[in-house]
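Here the structure comes first, spelled out in structure tokens, and everything after it is commentary.
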């Protein structure tokens with residue numbers, strides 16, 4: 006990564022009364038794959054549209070490669086976008102769609118045709134070049150949309166939930182295509198999505214947004230293992246969140262008394278304060294007998310859910326708090342489980358992650 | 002049983018609606034001057050008569066000029082309005098839309114009188130272009146409606162996608178909006194031409210000596226029963242029908258294609 | 018994409034043409050016509066003035082008011098006939114026809130709008146005449162001949178030719194949008210068919226029905242062809258009055274008075290219709 010390409014400097018965007026983005030500060034490096042993720046209405050699409058010039062920031066400054074972009078019109082920017090709806094031109098063929106941007110930039114016919122064909126070839130859809138886009142399959146249309154944006158040879162590519170309309174198996178394939186393209190081209194990808202799996206599978210860095218604000222920025226691993234706050238912990242999912250009062254604190258360790266029991270965590274806390282921590286579901290272990298461990302808890306099994314070879318157990322502690330435990334299916338086969346069965350959970354104190362907002 | 006009664010009744014009402022059109026065509030090939038049942042012999046006498054009449058030729062030419070100019074003007078204005086409505090929100094938009102949509106709800110005879118008086122006042126009455134002006138006011142709303150419906154079908158990001166790829170607003174209009182609306186534009190041209198081709202009240206008032214076909218019919222009808230009217234009517238009917246069917250093909254045909 | 022933006026050159030290029038055009042050739046004529054109703058006519062020449070002479074003269078003439086009430090009466094009669102004749106057809110198309118049949122029927126009903134109303138009227142003139150097709154057919158079964166031209170019946174046939182297609186279309190659209198499960202629910206609850214129409218369908222289709230009636234009235238009220246050619250014009254309607262006044266006597270200002278009275282009447286009818294359509298129904 007060599008230097009900053011995009012800078013959001015105290016950017017705020019409101020539509021009348023509604024504030025879509027509040028005081029955003031964000032820096033995106035050259036050649037970085039950044040995913041902006043959050044629930045609908047969190048401001049992620051508005052952020053992307055501001056980058057493309059389709060919305061103007063109400064206050065603050067957006068800089069692209071050092072240049073202030075606030076008043077630059079969309080067509081004067083070099084920020085091609087792949088749209089959620091793809092927004093292919095229905096009256097043009099696949100090749101003409103890819104040529105469109107070059108035609109707008111005044112590139113001569115022969116050059117733009119050969120460049121368009123190169124890209125269609127690279128995306129593996131050269132044989133459909135002269136077909137009307139309406140007659141192509143979802144995956145093929147997706148590739149046309151990508152080629153249409155990339156043929157412009159931009160420094161940055163914007164993607165607005167581009168895979169949300171595809172079937173699950175195509176999503177996995179397109180993820181691989183996108184990741185590989187980004188590595189080969191070495192350009193910046195800004196990828197907006199509400200899907201955790203897409204963001205975590207592809208991005209170097211993930212920006213989580215909530216109600217117009219950045220909730221956390223970090224690598225997928227950081228966000229997964231060390232959610233900054235309750236919102237992120239809940240949004241990322243499969244986290245067990247417990248809250249209580251600190252009863253003892255010394256030498257980077259603390260005891261937190263929660264309604265479900267008292268547990269040890271690593272971290273600097275002061276006695277008497279409120280605190281919350283999250284334990285990822287895949288770091289919790291299940292036992293039929295009470296184990297000798299730092300943090301243990303008795304639970305009753307409610308239900309199981311199988312996704313492929315991964316099993317999620319849903320359990321309930323005596324005080325009615327729900328716990329989730331994730332494990333491989335083959336690990337589960339050691340147990341002979343029935344609903345309502347009493348089980349024991351345990352996790353290491355090092356795996357309990359303290360949340361910022363108590 | 003009750004269903005059958007309803008369907009027979011429906012068929013009768015449709016028969017009532019189409020009887021005059023049908024009889025007009027039949028009478029145009031009938032030798033009798035006062036057509037009745039049983040019909041007279043098959044005859045093309047009335048067609049021969051109108052084809053030999055230079056006044057009718059002149060009227061037909063006038064009609065053609067008026068309806069094609071009207072179609073172009075009304076479709077252009079309708080397109081501008083439909084696009085403004087689609088793209089922008091602005092103050093007094095309700096009044097703006099009322100301004101274009103109201104004319105067809107005002108009785109033609111009132112429009113005719115108002116047009117005649119105003120165009121005389123500004124020295125523009127009694128010409129072919131007087132009719133074109135009046136017909137454009139009358140038919141622009143139809144063009145606007147047809148094109149506005151087409152714009153509703155457009156992907157809301159299509160225009161932004163073109164800007165995003167380096168197209169200015171004008172280039173986007175030319176390379177994206179207009180091509181997207183093309184079927185609706187052609188349909189609007191056909192529809193407005195058809196309405197203009199049949200309109201007689203306003204034409205009669207403002208045309209002065211420049212008769213269009215419907216005005217020619219009006220003058221013949223005022224005289225007496227003359228089956229020439231049926232021959233002209235059949236001819237006019239054929240032209241209007243072709244325009245409507247053409248419009249329908251462009252509207253529906255493209256929609257089906259767009260959905261596959 | 019609708020956004021509030023400051024109107025720039027591009028935006029205005031699309032917004033202004035129709036404003037300019039309609040100001041010149043729609044508002045202009047209407048406003049001028051209103052002004053003209055206050056002009057004077059001397060020696061067959063119109064002079065611009067602001068006098069109430071034309072209004073005074075027309076409003077105190079018996080023939081104007083005879084014509085006015087006659088037009089309202091016959092347009093109302095036409096509306097009543099149109100609505101009643103069209104209803105069973107619209108009902109059939111809305112509730113008994115398949116989607117495709119309905120679409121086809123509506124397409125067929127659009128055709129008459131684009132065929133010469135004059136030619137169709139002339140066709141009726143021939144069909145309805147003393148020795149015409151209809152009387153000939155009636156003669157076979159030993160009836161007639163009846164005088165149908167130059168009667169109110171003749172005028173109504175003309176009005177129906179003009180209005181029925183539109184009324185059927187509007188009624189059909191009004192009823193086709195009704196949730197069918199509501200109608201079936203009414204049947205299940207033991208509502209008889211006529212009761213269902215009266216208690217369920219009509220209240221649900223009220224707005225569309227009123228729109229259909231208002232359009233039927235507007236079209237009949239403003240038409241001069243049917244009363245002139247089929248009704249014999251012995252009781253001239255307001256449109257015929259306008260034509261006579263304009264075409265024969267150069268009395269454009271008086272014609273303008275008639276036209277304005279017509280427009281006021283139509284506004285009143287349209288507003289009454291809107292008020293009726295959006296009046297909250299008393300819940301029982």
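Residue numbers (the working numbering), protein chains in the order written: chain V, 6 to 363; chain F, 2 to 261; chain R, 18 to 301. Glycine residues also receive a C-beta, built at the ideal position from the N, C-alpha and C atoms. Bear in mind that the values here come from a model prediction, so they are computed numbers and not experimental data.
Worksheet item: DSSP puts residue 130/V in a beta bridge; with which residues?
Response: Partner(s): none; residue 130/V has no beta bridge.
Item to complete: Put residue 20/R into one of helix, strand or coil per three-state DSSP.
Response: Its pLDDT being 46, under 50, residue 20/R is placed unreliably in this model, and the value from its coordinates should be taken loosely. Here residue 20/R sits in strand by DSSP.
Worksheet item: Quick one: Cα of residue 27/R to Cα of residue 177/F, how far?
Response: Looking at the two C-alpha atoms, the distance is approximately 16 angstroms.
Discussion item. Quick check on residue 358/V: buried or exposed, where buried means 16 or more other Cβ atoms within 10 Å of its Cβ?
Written reply: With 16 or more other Cβ atoms within 10 Å, it is buried.
Worksheet item: So which residues on chain R does residue 81/F lean against when the C-beta distance must stay under 7 angstroms?
Response: The answer, in chain order, is 31, 34 and 35.
Discussion item. According to DSSP, simplified to helix, strand and coil, what is residue 18/F?
Written reply: Judged by DSSP in its simplified three-state form, residue 18/F adopts helix.
Worksheet item: Does the separation of the CB atoms of residue 232/V and residue 221/V fall below 8 angstroms?
Response: In contact: residue 232/V and residue 221/V (Cβ atoms closer than 8 angstroms).
Fill in: Backbone secondary structure at residue 71/V - three-state DSSP
Under the three-state reduction of DSSP, residue 71/V is assigned to coil, being neither helix nor strand.
Worksheet item: Are there 16 or more other CB atoms within 10 angstroms of the CB of residue 226/V, so buried, or fewer, so exposed?
Response: Exposed is the call here.
Worksheet entry | Collapsed DSSP secondary structure at residue 98/R in the structure displayed | Three-state DSSP puts residue 98/R in a helix.
Worksheet item: Does DSSP put residue 211/F in a helix, a strand or coil?
Response: Under the three-state reduction of DSSP, residue 211/F is assigned to coil, being neither helix nor strand.
Worksheet item: Going along chain F in order, which residues have a C-beta closer than 7 angstroms to the C-beta of residue 88/V?
Response: Simply 158 and 162.
Fill in: residue 35/F versus residue 184/R - alpha carbon distance
Using only the alpha carbons, I get a separation of about 32 angstroms.
Worksheet item: At a Cβ threshold of 8 angstroms, is residue 181/V touching chain F?
Response: So, not an interface residue.
Fill in: Below-8 angstroms beta-carbon distance, residue 212/F vs any chain R residue
Taking Cβ atoms only, chain R never reaches closer than 8 angstroms to residue 212/F, which makes this a no.
Fill in: CB contact check: residue 288/R to chain F, cutoff 8 angstroms
Output row for residue 288/R: interface = no.
Worksheet item: Using CA coordinates, which residue listed in 25/F, 93/F and 239/F is at the minimum distance from residue 135/R?
Response: Distances from the CA of residue 135/R to each of 25/F, 93/F and 239/F were compared; the closest alpha carbon is that of 25/F.
Fill in: Amino acids of chain V, ordered along the chain, whose beta-carbon sits closer than 9 angstroms to that of residue 181/F
Within chain V, the residues placing a beta-carbon under 9 angstroms from that of residue 181/F are 94, 95 and 96, ordered along the chain.
Worksheet entry | CB-CB length for residue 44/F against residue 28/F, believed under 8 angstroms | Going by Cβ atoms, the distance from residue 44/F to residue 28/F rounds to 10 angstroms, so no, they are not a contact pair.
Worksheet item: Which two residues bound the contiguous alpha helix (DSSP H) that contains residue 235/V?
Response: For residue 235/V, the enclosing alpha helix (DSSP H) begins and ends at 235–241.
Discussion item. Within 10 Å of its beta-carbon, does residue 225/F have 16 or more other beta-carbons around it, so buried, or fewer, so exposed?
Written reply: With fewer than 16 other Cβ atoms within 10 Å, it is exposed.
Worksheet item: Going straight from the alpha carbon of residue 208/R to that of residue 219/R, what length do you get?
Response: Distance between the alpha carbons of residue 208/R and residue 219/R: 14 angstroms.
Item to complete: Within 10 angstroms of the Cβ of residue 204/R, are there 16 or more other Cβ atoms? Answer buried if so, exposed if not.
Response: Residue burial annotation: residue 204/R is exposed, with fewer than 16 other C-beta atoms found within 10 angstroms of its C-beta.
Worksheet item: Taking all protein chains shown into account, do 16 or more other C-beta atoms lie within 10 angstroms of the C-beta of residue 69/R, making it buried, or fewer, making it exposed?
Response: Around the beta carbon of residue 69/R, fewer than 16 other beta carbons lie within 10 angstroms, which makes this residue exposed.
Worksheet item: Is the distance from the Cβ of residue 212/F to the Cβ of residue 53/F below 8 angstroms?
Response: A distance of 8 angstroms or more separates the beta carbons of residue 212/F and residue 53/F.
Worksheet entry | Partner residues on chain F for residue 104/R, Cβ-Cβ distance less than 8 angstroms | Ordered by position in chain F, no residue passes the 8 angstroms Cβ test against residue 104/R, which lies about 10 angstroms from the chain.
Fill in: Closer than 8 angstroms to chain V by CB, residue 271/F
No statement about residue 271/F is possible, as the shown extent of chain F runs from 2 to 261 and does not include it.
Fill in: Close Cβ partners of residue 4/V (< 8 angstroms) along its chain, the five nearest in sequence each way excluded
Nothing can be reported for residue 4/V: it is not among the residues displayed for chain V, which extend from 6 to 363.
Worksheet item: Any contact of the segment 164–176 of chain V with the segment 73–90 of chain V, i.e. 3+ C-beta pairs under 8 angstroms?
Response: These segments touch.
Fill in: Chain-ordered chain R contacts of residue 25/F [CB-CB under 8 angstroms]
The answer, in chain order, is 136, 137, 139 and 140.
Worksheet entry | Alpha carbon of residue 290/V to alpha carbon of residue 283/V, nearest angstrom | The alpha-carbon atoms of residue 290/V and residue 283/V are separated by roughly 15 angstroms.
Item to complete: Closer than 6 angstroms by C-beta to residue 226/R: which residues in its own chain qualify, once you throw out the five before and the five after it? Chain order, please.
Response: The answer, listed in chain order, is 191.
Practice prompt. Indicate the three-state DSSP secondary structure (helix, strand or coil) for residue 10/F in the structure shown.
Written response: Correct three-state label for residue 10/F: helix.
Fill in: Chain-ordered chain V contacts of residue 1/F [CB-CB under 7 angstroms]
With chain F running from 2 to 261 in the structure shown, residue 1/F is simply not present.
Discussion item. Please tell me whether residue 18/F has its Cβ less than 8 angstroms away from any Cβ of chain V.
Written reply: Not an interface residue.
Worksheet item: Can you give the Cα-Cα distance for residue 49/V and residue 304/V, rounded to whole angstroms?
Response: In this structure, the CA atom of residue 49/V is about 39 angstroms from the CA atom of residue 304/V.
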